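Take a look at the structure set out below.
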């Protein structure tokens, strides 16, 4: 943490104390005084996560009549935008924006997209979900703030509509999840009568899930589209990170807005930010008005990189490895389904790149062998030992024993947004 970040954090803490009784109590209980916070005391700040976020919202709904959480520091009447998670596992978690927050976020997204290679005047086809997702309307605003033309089809617009606009407007940039970008590789010839490489897309900006940071997945996309691929994360609290031409992790573009940490996924304790550290990505907002967060566990497992990047840009970098809540544990080895997908992708074009890791029950600990369904590539002519070769590669790369089933092309289904990698079935034992 540099001096500017430390000063911004102290100002944010003063703001929390003044405008949030909830934060004021939590800081008092943590023994955090009102003087400028020494760097050594950062780990003493109270942590936040999705579960606590929902509890804060449930309490504010009961006590204050709004669902935005006790951690809301702004008057609800001053909010100018609200976004949320899908809520598939419970109450949606809300992300709130004041007018000042919108400006902060517009500048952050514009700066991140510019760092990714988007230029003023570019036509940018937006294919992330638009309904409440922080990568939706906030990104459209950021595209416009950069001076580019936003084409907000969104994932909800569907593949056919998106390809219709892509073939007529021929945008230079496509923003979508890596799984949706792979989906378009298959669908473009069937729906639009052209290969994706004929759409004229020069830059793929892929976020919303892990994948674009993996060389095997990136190679599939680059070869099919004939485009550069950038791995990105951001859309709330003024946070934005993006990979560069060196493709060695994502650079934090907005250190003035957020402070990043690595947390132990089991204990929540901070891990040393050394080159190669793997932990949960935690985020602290430094200049947010509506619903600021302290040490928010994003439930993303990341590898942190501190050695100089070949591109010459300074500062912290990280690579997303997968969702912590999707991780399974096999004989003490942490296995992310996204890592399984990345290993399988190295067999392209023998495989389509679509997989499912199938486990029984809801427990993270799974006994080997782990069932992995792998789609064969269309017309690949894969030989009979493909399953055995994939099992061997998974064993060598990820140190767990898999039982691979090769299935027909298209049989695992597709999504217009994120394609699930983990399937949990009922435990029948």
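Numbering (the working numbering), first residue to last: 2 to 430.
Just so you know, even glycine gets a beta-carbon here, dropped at the ideal spot from N, CA and C.
All figures in this text were calculated on a predicted structure; none of them were measured in a lab.
Boundaries of the alpha helix (DSSP H) harbouring residue 13: 4 to 20, taken from the DSSP string. Taking the Cα of residue 306 as reference, the smallest distance to any Cα among 262, 258, 405 and 136 is reached at 262. Between residue 405 and residue 397, the alpha-carbon positions lie close to 15 Å from each other.
Rounded to the nearest angstrom, the gap between the Cα atoms of residue 344 and residue 147 is 36 Å. Under the criterion of beta carbons closer than 8 Å, residue 356 and residue 334 do not qualify as touching, at roughly 18 Å. For residue 175, the uninterrupted beta strand (DSSP E) run begins and ends at 174 to 177, by DSSP.
Nearest to residue 220 by C-alpha distance, out of 349, 253, 242 and 378, is 349. For residue 64, the CB contacts under 8 Å within the same chain, skipping 5 residues up- and downstream, are 71 in chain order. The way I'd put it, the region 315 to 332 doesn't touch the region 181 to 193; fewer than three beta-carbon pairs between them come closer than 8 Å.
Per DSSP, the unbroken beta strand (DSSP E) holding residue 300 starts and ends at 297 to 306. Less than 8 Å divides the Cβ of residue 251 from the Cβ of residue 232. Considering only 294, 48, 149 and 215, the residue with the shortest C-alpha distance to residue 124 is 149. Restricting attention to 392, 372, 361 and 312, the CA atom closest to the CA of residue 347 is found in 392.
Nearest to residue 99 by C-alpha distance, out of 206, 117, 288 and 351, is 288. For residue 59 and residue 378, the gap between their C-alpha atoms comes out near 47 Å.
By the criterion of at least three beta-carbon pairs nearer than 8 Å, the region 150 to 166 is in contact with the region 111 to 130.
One thing to note: residue 360 has its Cβ no nearer than 8 Å to the Cβ of residue 49. DSSP places residue 106 inside the alpha helix (DSSP H), whose first and last residues are 100 to 117. Between residue 217 and residue 181, the C-beta spacing is not below 8 Å. Excluding sequence positions up to five before and after residue 165, its CB lies within less than 8 Å of the CB of 193, all in the same chain and listed in chain order.
When secondary structure is reduced to three states using DSSP, residue 332 falls in the coil class, being assigned neither helix nor strand. The beta-carbon separation of residue 208 and residue 136, rounded to 6 Å, stays under the 8 Å limit for a contact. Runs of the alpha helix (DSSP H) spanning 4 or more residues and lying entirely within the region 175 to 246 occur at 179 to 192 and 216 to 226, in chain order. With contact defined as three or more Cβ pairs closer than 8 Å, the region 108 to 121 and the region 238 to 246 are in contact. In the three-state DSSP reduction, residue 320 falls in the strand class (E or B). By the CB criterion at 8 Å, residue 167 and residue 143 fall outside the cutoff. In the DSSP annotation of this structure, the continuous segment of the beta strand (DSSP E) that includes residue 153 starts and ends at 150 to 153. Contact between residue 213 and residue 230 holds, with the beta-carbon distance rounding to 6 Å and staying under 8 Å. Straight through space, the alpha carbons of residue 21 and residue 7 are spaced by roughly 21 Å.
Using a 10 angstroms sphere on the CB of residue 426, the tally of other CB atoms stays under 16, which defines it as exposed.
Around the beta carbon of residue 326, fewer than 16 other beta carbons lie within 10 angstroms, which makes this residue exposed.
Per the C-alpha coordinates, the member of 210, 47 and 402 positioned closest to residue 298 is 47. Put simply, of 304, 282 and 283 the residue whose alpha carbon is nearest the alpha carbon of residue 276 is 304. Look at residue 366 here: in three-state DSSP terms it is strand.
By the C-beta density criterion, residue 81 is exposed, having fewer than 16 other C-beta atoms within 10 angstroms. Sequence-distant partners of residue 282 (beyond 5 residues in either direction) whose C-beta falls short of 6 Å from its own C-beta, in its chain, are 299, 301 and 303.
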